[in-house]
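Undergrad: Numbering (the UniProt record's numbering), first residue to last: 1 to 396. Glycine included, each C-beta is placed from N, C-alpha and C at the ideal position. Computed from a predicted structure; not experimentally measured.
1. Locate the alpha helix (DSSP H) running through residue 174, then write down its first and last residues.
2. Nearest-angstrom Cα distance between residue 85 and residue 197?
3. So what's residue 221 in DSSP terms, helix, strand or just coil?
4. Check whether the segment 105 to 115 touches the segment 268 to 280, counting contact only when three or more Cβ pairs, one atom from each stretch, lie closer than 8 Å.
5. Can you say whether residue 331 is buried or exposed, counting buried as having 16 or more other CB atoms within 10 angstroms of its CB?
6. In angstroms with no decimal places, state the Cα-to-Cα distance between residue 26 and residue 225.
7. Considering only their Cβ atoms, is the gap separating residue 338 from residue 151 smaller than 8 Å?
8. On the DSSP bridge list, what partners appear for residue 209?
9. Please classify residue 239 as buried or exposed, where buried requires at least 16 neighbouring CB atoms within 10 angstroms.
10. Hey, how far is the Cα of residue 368 from the Cα of residue 217?
11. Less than 8 Å between the beta carbons of residue 355 and residue 156, yes or no?
12. Let me confirm a value: residue 228 is counted as buried when at least 16 other C-beta atoms fall within 10 Å, else exposed. Which label applies?
13. Candidates 312, 127, 189, 167: which alpha carbon is nearest residue 140's?
14. Just the Cα atoms here: how many angstroms apart are residue 333 and residue 362?
15. Give me the Cα-Cα distance between residue 124 and residue 170, rounded to the nearest whole angstrom.
16. Kindly provide the ranges of any alpha helix (DSSP H) runs that are 4 or more residues long and lie completely inside the segment 275 to 312, ordered along the chain.
17. One question on the structure: do residue 191 and residue 215 come within less than 8 Å of each other, judged by their Cβ atoms?
18. From the DSSP secondary-structure annotation, give me the bridge partner or partners of residue 357.
19. Could you round the C-beta distance between residue 165 and residue 243 to whole angstroms and report it? I think they count as a contact, below 8 Å.
20. Using CA coordinates, which residue listed in 154, 122, 199, 317 is at the minimum distance from residue 336?
21. Measuring only the C-alpha atoms, how far is residue 303 from residue 287?
22. May I have the straight-line CA-CA distance separating residue 161 from residue 232, to the nearest angstrom?
23. Given a threshold of 16 other Cβ atoms within 10 Å of its Cβ, counted over all protein chains shown, does residue 247 qualify as buried or as exposed?
24. Can the beta-carbon of residue 100 be found less than 8 Å from the beta-carbon of residue 204?
25. Would you mind working out which of 220, 130, 199 sits nearest residue 293, comparing C-alpha positions?
26. May I have the straight-line CA-CA distance separating residue 237 from residue 375, to the nearest angstrom?
27. Taking 7 Å as the cut-off, does the CB of residue 184 come closer than this to any heavy atom belonging to the ligand NAD?
28. Could you name the residues of the same chain whose beta carbon sits closer than 6 Å to that of residue 379, not counting the 5 residues immediately before and after it, in chain order?
29. Just mark residue 117 as buried or exposed, buried being the case when its beta carbon has 16 or more other beta carbons within 10 Å.
30. Cutting at 8 Å between CB atoms, please list the residues of its own chain near residue 129, excluding the five before and the five after it.
31. Going by alpha carbons, who is nearest to residue 136 out of 120, 314, 241, 178?
32. Could you check whether residue 280 and residue 93 sit closer than 8 Å to each other, using their CB atoms as the reference points?
33. Start and end of the alpha helix (DSSP H) containing residue 234?
34. If you follow the alpha helix (DSSP H) that residue 315 is in, where does it begin and where does it stop?
35. What is the C-beta distance between residue 291 and residue 133, in whole angstroms, given that I count them as a contact (C-beta under 8 Å)?
Take a look at the structure:
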């Protein structure tokens, strides 16, 4: 087991270190080119951008076209058109397929054969650490750094950085850039996880394929100067490998084993695979299910929908039709209570102690006029007639 753990960590560290090195090289180039440039410190999910950020877009397109004509390219094209229903031909990123696939297979096996033998405290620990990871994604990288829907003092930003590291996703910079592209060019070839290409692509397929050239070009136009100037984000970027290994894998495994007396095998498989993979999929559901299934009370012209189930597992991120209409609302929702928007509860708590401030919200009148003009008629006000009768946006 020790050998297996060592090999796994070495494999993860090796891949992460490779892209961190490329990121530091890109940082030096970007600083010389523009004050608004940012270190493009990608891990393997974002490697497409580097070839284009060097100004060699023609070379990228030639490589892209060669792939389309290759045997593997033609086979993949047939599969994508048959099972996913879209025309985009892209090169498979086999390292991502291997990593994501391996983690999912092990997680499923561990869940079926080991997870049910865990102690109660291990379940509670997994729930707690998973909640911390979720808050780092929803309250941190999404609502704070992507949309600037509120401001946070240094202690809260550090907490959010650590919580986000538990989630084990991309660097904050990469996540923010992709999400800003997604909002600006939603459901087009410029969207990194375009839901028009089907559930599978929007959920996880986009991580396994090279980006569409249009997405690469659009990504170069996104303003990231605020992220570059944030010292917390830059600290996370500089120490990305260490933060991911420490907060996503080591501490979640070490604490239940050393402190709670859980077996090392149970702690390792439950936290490094089951908890981690569940956390990833909860985040991915916002890109897939919340863009394909649900109502459109605020704007029936767009794909993002109100999806209560996604909101429950994603800590309030499933009210997606509202979010795409009012992305700067710190609640990412208009209605509901804390039970379906846990992130808002914690942001309100931090607001009470002064660590979160300048929380942004649209006026009720703006929301009313928007849903009356563009909504599909499923909003509660379509039945009761007056915005004043709608329950408070968030109550305790």
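TA: The short version:
1. As a working note, residue 174 is residue 174 in the chain shown. Where residue 174 is concerned, the enclosing alpha helix (DSSP H) stretches over 172 to 184.
2. On the chain shown, residue 85 is found 85 positions in, with the first residue counted as 1. On the chain shown, residue 197 is found 197 positions in, with the first residue counted as 1. Residue placement at residue 85 is flagged as unreliable, the pLDDT there being 48, under the threshold of 50; the coordinate-derived value follows with that caveat. Approximately 6 Å, taken between the alpha carbons.
3. Taking the first residue of the chain shown as position 1, residue 221 is located at position 221. Residue 221: coil per DSSP, three-state reduction.
4. yes
5. By 1-based counting over the chain shown, the position of residue 331 is 331. Buried, because 16 or more other Cβ atoms sit within 10 Å of the Cβ of residue 331.
6. Here residue 26 corresponds to residue number 26 of the chain shown, with the count starting at 1. Here residue 225 corresponds to residue number 225 of the chain shown, with the count starting at 1. A caution first: residue 26 carries a pLDDT of 41, below 50, which makes its placement in the model too unreliable to give a value.
7. Your numbering for residue 151 matches position 151 in the chain shown. Your numbering for residue 338 matches position 338 in the chain shown. Contact flag unset, no.
8. For this step, residue 209 is matched to residue 209 along the chain shown. In DSSP, residue 209 forms a bridge with 92.
9. As a first step, residue 239 must be located in the chain shown, where it is residue number 239. Residue 239 is exposed by the Cβ-count criterion.
10. One-based indexing of the chain shown puts residue 368 at position 368. One-based indexing of the chain shown puts residue 217 at position 217. Spanning the two alpha carbons is a distance of roughly 36 Å.
11. For the purposes of this step, residue 355 is taken as residue 355 along the chain shown, with counting starting at 1. For the purposes of this step, residue 156 is taken as residue 156 along the chain shown, with counting starting at 1. In contact: residue 355 and residue 156 (Cβ atoms closer than 8 Å).
12. Working through the chain shown from its first residue, we reach residue 228 at position 228. Residue 228 is buried by the Cβ-count criterion.
13. Looking up residue 140 in the chain shown gives position 140. If we check each option's Cα against that of residue 140, 167 comes out closest.
14. Sequence index remark: in the chain shown, residue 333 carries index 333 (1-based). Sequence index remark: in the chain shown, residue 362 carries index 362 (1-based). Residue 333 and residue 362: Cα-Cα distance of roughly 11 Å.
15. Position 124 of the chain shown, counted from the start, is the residue given in the question as residue 124. Position 170 of the chain shown, counted from the start, is the residue given in the question as residue 170. Computed Cα separation, rounded: 26 Å.
16. With a minimum length of 4 residues, the continuous alpha helix (DSSP H) runs that stay inside the segment 275 to 312 are 276 to 287, 289 to 292.
17. Sequence index remark: in the chain shown, residue 191 carries index 191 (1-based). Sequence index remark: in the chain shown, residue 215 carries index 215 (1-based). Yes, the Cβ-Cβ distance between residue 191 and residue 215 is below 8 Å.
18. Here residue 357 is taken as the residue at index 357 of the chain shown, counted from 1. Looking at the DSSP assignment, residue 357 forms a beta bridge with 151.
19. In the chain shown, the residue the question calls residue 165 occupies position 165. In the chain shown, the residue the question calls residue 243 occupies position 243. Confirmed, Cβ separation roughly 4 Å.
20. Position 336 of the chain shown, counting from 1, holds the residue named residue 336. Of the candidates 154, 122, 199, 317, the one whose C-alpha sits nearest the C-alpha of residue 336 is 317.
21. Residue 303 sits at position 303 when you count from the first residue of the chain shown. Residue 287 sits at position 287 when you count from the first residue of the chain shown. Using only the alpha carbons, I get a separation of about 11 Å.
22. One-based indexing of the chain shown puts residue 161 at position 161. One-based indexing of the chain shown puts residue 232 at position 232. Cα to Cα, the separation comes out at about 7 Å.
23. As a first step, residue 247 must be located in the chain shown, where it is residue number 247. Classification for residue 247: buried.
24. As a first step, residue 100 must be located in the chain shown, where it is residue number 100. As a first step, residue 204 must be located in the chain shown, where it is residue number 204. Cβ atoms of residue 100 and residue 204: closer than 8 Å.
25. Residue 293 sits at position 293 when you count from the first residue of the chain shown. Residue nearest to residue 293 within the set 220, 130, 199 is 199 (criterion: CA-CA distance).
26. In the chain shown, counting from the first residue as 1, residue 237 sits at position 237. In the chain shown, counting from the first residue as 1, residue 375 sits at position 375. Rounded to the nearest angstrom, the two C-alpha atoms are 40 Å apart.
27. In terms of ligand content, the structure shown is empty, and the ligand NAD therefore cannot be addressed.
28. Within the chain shown, numbered from 1, the residue matching residue 379 stands at position 379. So the qualifying residues of the chain are 297, 371.
29. Taking the first residue of the chain shown as position 1, residue 117 is located at position 117. Per the 10 Å Cβ criterion, exposed.
30. Counting from one through the chain shown, the residue named residue 129 turns up at place 129. Around residue 129: 166, 252, 271, 275.
31. Stepping through the chain shown from its first residue, residue 136 is reached at position 136. Among 120, 314, 241, 178, the Cα nearest to that of residue 136 belongs to 314.
32. As a first step, residue 93 is located in the chain shown; it is residue number 93 there, counting from the start. As a first step, residue 280 is located in the chain shown; it is residue number 280 there, counting from the start. Cβ distance not < 8 Å, so residue 93 and residue 280 don't count as in contact.
33. Working through the chain shown from its first residue, we reach residue 234 at position 234. 231 to 238 is the extent of the alpha helix (DSSP H) around residue 234.
34. As a position in the chain shown, residue 315 is number 315, starting the count at 1. Neither: residue 315 is in no alpha helix (DSSP H) and is coded neither H nor E.
35. On the chain shown, position 291 is the one that residue 291 refers to. On the chain shown, position 133 is the one that residue 133 refers to. Between residue 133 and residue 291 the Cβ distance is about 22 Å, and since that is not below 8 Å, they are no contact.
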